[in-house]
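Enquirer: Right, I'll just put the structure down here and ask away after.
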Amino acid sequence: MKLVAAIPATSTETEPIVALQSVGYRVDGTAALVILQDISMTVRQGEFLCIVGASGCGKTTLLRLIAGLLPISSGKLSSRGLDITGPSQARAIVFQDYSRALLPWRTVAGNVALALEARGTKRSARAAIVESRLRQVNLWEWRDRYPAQLSGGMQQRLQIARCLAQEPELLLMDEPFGALDAMTRQVLQDEVARLSRETGTTIVFVTHDLEEAIYLGDRVVAMESRPGRIATSIEIDLPRPRHQLATREDRRFLAYRHRLFNLLPVHA
Amino acid sequence: MRGLILPLALVLAAEVLARIFGIDSDSIAAPSAILVAGFAALIDGTMLHATAQTLGTALAGLAIGGGGGLAAAILLGLFPRLAQLMRFSIETVRSIPAVAIIPVAMLVFGFGYRMEISIVAFACFWPVLIIGQSAVIGIDPRLDEVGRVLRLNLWARVAKIVLPAALPRIFVAFRLAAGAALIVAVTVEIATNPLGLGYGLMLAQQTLHPDMMFAMLIWVGIVGWGFNALLLFLQKRLFGPAALAGNAP
Numbered sequence: 002m003k004l005v006a007a008i009p010a011t012s013t014e015t016e017p018i019v020a021l022q023s024v025g026y027r028v029d030g031t032a033a034l035v036i037l038q039d040i041s042m043t044v045r046q047g048e049f050l051c052i053v054g055a056s057g058c059g060k061t062t063l064l065r066l067i068a069g070l071l072p073i074s075s076g077k078l079s080s081r082g083l084d085i086t087g088p089s090q091a092r093a094i095v096f097q098d099y100s101r102a103l104l105p106w107r108t109v110a111g112n113v114a115l116a117l118e119a120r121g122t123k124r125s126a127r128a129a130i131v132e133s134r135l136r137q138v139n140l141w142e143w144r145d146r147y148p149a150q151l152s153g154g155m156q157q158r159l160q161i162a163r164c165l166a167q168e169p170e171l172l173l174m175d176e177p178f179g180a181l182d183a184m185t186r187q188v189l190q191d192e193v194a195r196l197s198r199e200t201g202t203t204i205v206f207v208t209h210d211l212e213e214a215i216y217l218g219d220r221v222v223a224m225e226s227r228p229g230r231i232a233t234s235i236e237i238d239l240p241r242p243r244h245q246l247a248t249r250e251d252r253r254f255l256a257y258r259h260r261l262f263n264l265l266p267v268h269a
Numbered sequence: 208m209r210g211l212i213l214p215l216a217l218v219l220a221a222e223v224l225a226r227i228f229g230i231d232s233d234s235i236a237a238p239s240a241i242l243v244a245g246f247a248a249l250i251d252g253t254m255l256h257a258t259a260q261t262l263g264t265a266l267a268g269l270a271i272g273g274g275g276g277l278a279a280a281i282l283l284g285l286f287p288r289l290a291q292l293m294r295f296s297i298e299t300v301r302s303i304p305a306v307a308i309i310p311v312a313m314l315v316f317g318f319g320y321r322m323e324i325s326i327v328a329f330a331c332f333w334p335v336l337i338i339g340q341s342a343v344i345g346i347d348p349r350l351d352e353v354g355r356v357l358r359l360n361l362w363a364r365v366a367k368i369v370l371p372a373a374l375p376r377i378f379v380a381f382r383l384a385a386g387a388a389l390i391v392a393v394t395v396e397i398a399t400n401p402l403g404l405g406y407g408l409m410l411a412q413q414t415l416h417p418d419m420m421f422a423m424l425i426w427v428g429i430v431g432w433g434f435n436a437l438l439l440f441l442q443k444r445l446f447g448p449a450a451l452a453g454n455a456p
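Pasting the structure below:
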């Protein structure tokens, strides 16, 4: 007897990795506060999507909704055709405050291993994966150190390594370089761009830095504040791999910057 | 070293006065007599036997009461609704002094180890519950989110995140409980239970052996000090490097 494949027709590779249909999020209280309103967008397979907006516009909330850490208040939010009702191994999130997101009592290698333990990877297979992930972010030499013994940039790379060990199909990054100095930030931007190219992982990257968004993204979604909603979505047509000097001096880069700068209201 | 001058001088003075006036008392004894009685009891084994009884019950009570308190602390720390539900009951039962349940424990268990252990466990349960619960509640919510995003189940969350994150404070809770354990054990022995150091103290007093009574008292002090020093050493040993490397809030 032949078995018929019992894969639900709604969950296939052809469905978008994340789809939002007029998603809203509000905090009910004495005065109900609308944080996000009528957000509709689709995250495409393999793209590097940057979400940019002023602080307090709800971009972090949007990312947490996609991660499944918060429930939506209205609309429809789905991944591969299935409603997102909670976190999933398939969606990793890199938090901005790396020092709070790492386990201080575990070594660098131990922190990466946590993701493998969570996935139920066999003990014997873990070491090799930990090594390859740590090499990917250039932390292998530091495997026996503790997070507190690393610099901020290294701690953030460690958090990224842990997320990669999760083997997610979607990597969510919440202002990951916001707390780092300018030099370290540039190095990490190039590393994340390289990782996205090497692994082909879809990335949704939230930032308040317009130039960072244009530099990294295949597409930039700009958000407006109070309530948070999408202002515009721009395809970024710049050659890859990008270069910290050449790309940022590119005529098109500057043109994108102008367009988005005028779109984003600046509240001093 | 300077701290020793005063007590040594006082002991010396007591000895000199005892020699001059020649004590023959049922309530006090010369330091030399106390020393002799203490050594005799140490050598014939009665003191060590009593110490083993007291420390054994204190440790057993600490393990049972502290373990239960820890389990309850984690449950109540992770489930705030449950904590709300239990708060009134906990605050009420917690205010009962441990020694006040001696009559109840005696009814249930009679004289012996089990009665004493149950009372020590009752005394140890509360500090571990209260401090442990606040330690679990105080864990950085970000760490909890890391666990949620990785989809750790409840058991893995407790074992991999909650326990290690709260461990330094849980150990402090156990240190406090250990102090209470020794006090309660000796108190129960003095009050009723014919066991251990507390009973030895009472026996020496009632059989009019002040030298032995004071020797026991000094020994209880030494045991308590050693017990606490051991726990402090363990704490430094276990959490010294972690505290150094950790950026715990």
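Protein sequence lines, in the order shown, are assigned to chains A and B. FYI, in this note's numbering the residues of the first sequence are 2 to 269. FYI, in this note's numbering the residues of the second sequence are 208 to 456. All C-beta atoms in this analysis are idealised placements derived from N, C-alpha and C, irrespective of residue type, glycine included.
(1) Does DSSP put Met208(B) in a helix, in a strand, or in coil?
(2) What does Ala270(A) touch in chain B if you count any residue whose Cβ is under 7 Å from its own?
(3) Indicate whether at least one CB of chain B lies closer than 9 Å to the CB of Ala6(A).
(4) Within 10 Å of its beta-carbon, does Ala269(A) have 16 or more other beta-carbons around it, so buried, or fewer, so exposed?
(5) With C-beta atoms as the reference, is Cys58(A) less than 9 Å away from Met174(A)?
(6) Can you find a CB in chain A that lies within less than 9 Å of the CB of Glu396(B)?
(7) Relative to the C-alpha of Gln167(A), which candidate in Trp143(A), Glu199(A), Val131(A), Arg27(A) has its C-alpha closest?
(8) I want to verify the contact list: residues of chain B whose CB lies under 9 Å from the CB of Gln167(A), in sequence order.
(9) If you check the beta carbons only, do Leu172(A) and Cys51(A) fall under 9 Å apart?
(10) Could you have a look at Cys51(A) and say whether DSSP puts it in helix, strand or coil?
(11) Since I believe Phe381(B) is in contact with Gly273(B) (beta carbons under 8 Å), could you give me their beta-carbon distance rounded to a whole number of angstroms?
(12) At a CB-CB cut-off below 8 Å, which residues of chain B make contact with Ala162(A)?
(13) Can you give the Cα-Cα distance for Arg226(B) and Asp418(B), rounded to whole angstroms?
(14) Should Val343(B) and Leu289(B) be called a contact, given that it needs their Cβ atoms to be closer than 9 Å?
(15) I'd like to know whether the C-beta atoms of Ala388(B) and Gly268(B) end up nearer to each other than 9 Å.
(16) Taking C-alpha atoms, which residue in Val327(B), Arg358(B), Gly345(B) lies nearest to Val369(B)?
(17) Give the interface partners of Val353(B) over in chain A, defined as CB-CB distance under 7 Å, in chain order.
(18) Using the three-state DSSP reduction, which class does Val138(A) fall into: helix, strand or coil?
(19) Counting only Cβ pairs nearer than 7 Å, list the residues of chain A close to Asp347(B).
(20) Output needed for Glu236(A): all residues of its chain with C-beta closer than 8 Å, excluding positions within five of it in sequence on either side, in chain order.
(21) Hey, would you say Gln137(A) sits closer than 9 Å to Leu64(A), going by beta carbons?
(22) With DSSP as the reference, label Ile232(A) as helix, strand or coil.
(23) With DSSP as the reference, identify every bridge partner of Gly25(A), one or two as the case may be.
(24) Does any CB atom of chain B fall closer than 9 Å to the CB of Asp182(A)?
(25) Roughly how many angstroms lie between the CA atoms of Leu104(A) and Ile73(A), to the nearest whole one?
(26) Less than 8 Å between the CB of Ile235(B) and some heavy atom of the ligand SAM, yes or no?
(27) Using 8 Å for Cβ pairs, my map puts Arg355(B) next to Pro88(A). What's the rounded Cβ distance?
(28) For a contact meaning CB atoms closer than 7 Å, what does Lys443(B) contact in chain A?
(29) Beta-carbon within less than 6 Å of Met42(A)'s beta-carbon, same chain only, minus the 5 sequence neighbours each way: which residues are those?
(30) Determine whether the beta carbon atoms of Gly30(A) and Asp39(A) lie at a separation below 9 Å.
(31) State the start and end residues of the unbroken alpha helix (DSSP H) segment that holds Asp351(B).
(32) By the criterion of Cβ-Cβ separation under 7 Å, what are the contact partners of Pro88(A) in chain B?
(33) Check for me: the beta strand (DSSP E) holding Leu193(B) runs from which residue to which?
(34) So the candidates are Leu383(B), Trp333(B), Ser325(B); which of them puts its Cα closest to the Cα of Arg301(B)?
(35) Identify every run of the beta strand (DSSP E) within the stretch 153-207 of chain A, keeping only runs that are complete inside it and at least 3 residues long; order them along the chain.
(36) Could you name the residues of the same chain whose beta carbon sits closer than 7 Å to that of Leu438(B), not counting the 5 residues immediately before and after it, in chain order?
Expert: This is what the structure holds:
(1) Residue numbering aside, residue 208(B) sits at position 1 when the second sequence is read from its first letter. Met208(B) falls in the coil class under three-state DSSP.
(2) Nothing about residue 270(A) can be read from this structure; chain A reaches only from 2 to 269.
(3) Here residue 6(A) refers to the residue found at position 5 of the first sequence. At Ala6(A), the pLDDT of 48 sits below 50, so the modelled position is not reliable; the number obtained from the coordinates is stated separately. Interface criterion not met: the Cβ of Ala6(A) is under 9 Å from no Cβ in chain B.
(4) Indexing the first sequence from 1 puts residue 269(A) at position 268. In this predicted model, Ala269(A) has a pLDDT of only 43, less than 50, meaning its place in the structure is not dependable enough to derive any value.
(5) Numbered from its first residue, the first sequence carries residue 58(A) at position 57. Numbered from its first residue, the first sequence carries residue 174(A) at position 173. Not in contact: Cys58(A) and Met174(A) (Cβ atoms no closer than 9 Å).
(6) Locating residue 396(B) in the second sequence gives position 189, where the first residue counts as 1. Cβ-Cβ to chain A under 9 Å: no for Glu396(B).
(7) In the first sequence, counting from the first residue as 1, residue 167(A) sits at position 166. Comparing Cα-Cα distances from Gln167(A) to each of Trp143(A), Glu199(A), Val131(A), Arg27(A), the minimum goes to Val131(A).
(8) For this step, residue 167(A) is matched to residue 166 along the first sequence. In chain order: Val356, Leu357.
(9) As a first step, residue 172(A) is located in the first sequence; it is residue number 171 there, counting from the start. As a first step, residue 51(A) is located in the first sequence; it is residue number 50 there, counting from the start. Taking C-beta atoms as the reference points, Leu172(A) and Cys51(A) fail to come closer than 9 Å.
(10) Along the first sequence, one-based indexing puts residue 51(A) at 50. Correct three-state label for Cys51(A): strand.
(11) As a working note, residue 273(B) is residue 66 in the second sequence. As a working note, residue 381(B) is residue 174 in the second sequence. About 5 Å separates the two Cβ atoms, so the contact holds.
(12) As a first step, residue 162(A) must be located in the first sequence, where it is residue number 161. Per Cβ cutoff of 8 Å: no residues; Ala162(A) is ~14 Å from chain B at best.
(13) Counted from its first residue, the second sequence places residue 226(B) at position 19. Counted from its first residue, the second sequence places residue 418(B) at position 211. Answer to the nearest angstrom: the Cα atoms are 15 Å apart.
(14) By one-based count along the second sequence, residue 343(B) stands at place 136. By one-based count along the second sequence, residue 289(B) stands at place 82. It is not a contact, given that the beta carbons lie outside the stated cut-off.
(15) Taking the first residue of the second sequence as 1, we reach residue 388(B) at position 181. Taking the first residue of the second sequence as 1, we reach residue 268(B) at position 61. At the C-beta level, Ala388(B) and Gly268(B) come within 9 Å of one another.
(16) What you label residue 369(B) is simply residue 162 of the second sequence in a count that begins at 1. For the residues Val327(B), Arg358(B), Gly345(B), the minimum Cα distance to Val369(B) belongs to Gly345(B).
(17) Mapped onto the second sequence, residue 353(B) falls at position 146. Residues of chain A passing the Cβ test: Ala102.
(18) Within the first sequence, residue 138(A) is the residue found at index 137, counting from 1. Three-state DSSP puts Val138(A) in coil, outside helix and strand.
(19) Residue numbering aside, residue 347(B) sits at position 140 when the second sequence is read from its first letter. Arg101, listed in chain order.
(20) Here residue 236(A) refers to the residue found at position 235 when the first sequence is read from its first residue. Excluding positions up to five away in sequence, the list reads Asp219, Arg220.
(21) Taking the first residue of the first sequence as 1, we reach residue 137(A) at position 136. Taking the first residue of the first sequence as 1, we reach residue 64(A) at position 63. No. Outside cutoff.
(22) By one-based count along the first sequence, residue 232(A) stands at place 231. Checking the displayed sequence, the identity of residue 232(A) turns out to be Ala instead of Ile. Of the three classes helix, strand and coil, the one that applies to Ala232(A) here is strand, per DSSP.
(23) Along the first sequence, read from residue 1 onward, the residue named residue 25(A) stands at position 24. Partner(s): Ser75(A).
(24) Looking up residue 182(A) in the first sequence gives position 181. Judged by the 9 Å Cβ criterion, Asp182(A) is not in contact with chain B.
(25) The count along the first sequence starts at 1 and reaches residue 104(A) at position 103. The count along the first sequence starts at 1 and reaches residue 73(A) at position 72. Each residue's alpha carbon lies about 29 Å from the other.
(26) What this structure holds is no ligand at all, so the ligand SAM is not there to describe.
(27) As a first step, residue 355(B) is located in the second sequence; it is residue number 148 there, counting from the start. As a first step, residue 88(A) is located in the first sequence; it is residue number 87 there, counting from the start. Contact flag correct, Cβ pair sits at about 5 Å.
(28) What you label residue 443(B) is simply residue 236 of the second sequence in a count that begins at 1. Residues of chain A passing the Cβ test: none, with the nearest at roughly 16 Å.
(29) For the purposes of this step, residue 42(A) is identified with residue 41 of the first sequence, where counting begins at 1. Within the same chain, Met42(A) has close Cβ partners Leu21.
(30) Counting from one through the first sequence, the residue named residue 30(A) turns up at place 29. Counting from one through the first sequence, the residue named residue 39(A) turns up at place 38. Remark: C-beta atoms of Gly30(A) and Asp39(A) do not approach each other more closely than 9 Å.
(31) Counted from its first residue, the second sequence places residue 351(B) at position 144. Here the alpha helix (DSSP H) through Asp351(B) covers 348-356.
(32) On the first sequence, residue 88(A) is found 87 positions in, with the first residue counted as 1. Within 7 Å Cβ-Cβ: Arg355, Val356, Arg358.
(33) No information on residue 193(B) is available, as it lies outside the stretch 208 to 456 that chain B covers here.
(34) For the purposes of this step, residue 301(B) is identified with residue 94 of the second sequence, where counting begins at 1. When only C-alpha atoms are compared, the closest one is Trp333(B).
(35) 171-175
(36) The count along the second sequence starts at 1 and reaches residue 438(B) at position 231. Answer for Leu438(B): Arg382, Ala385, listed in chain order.
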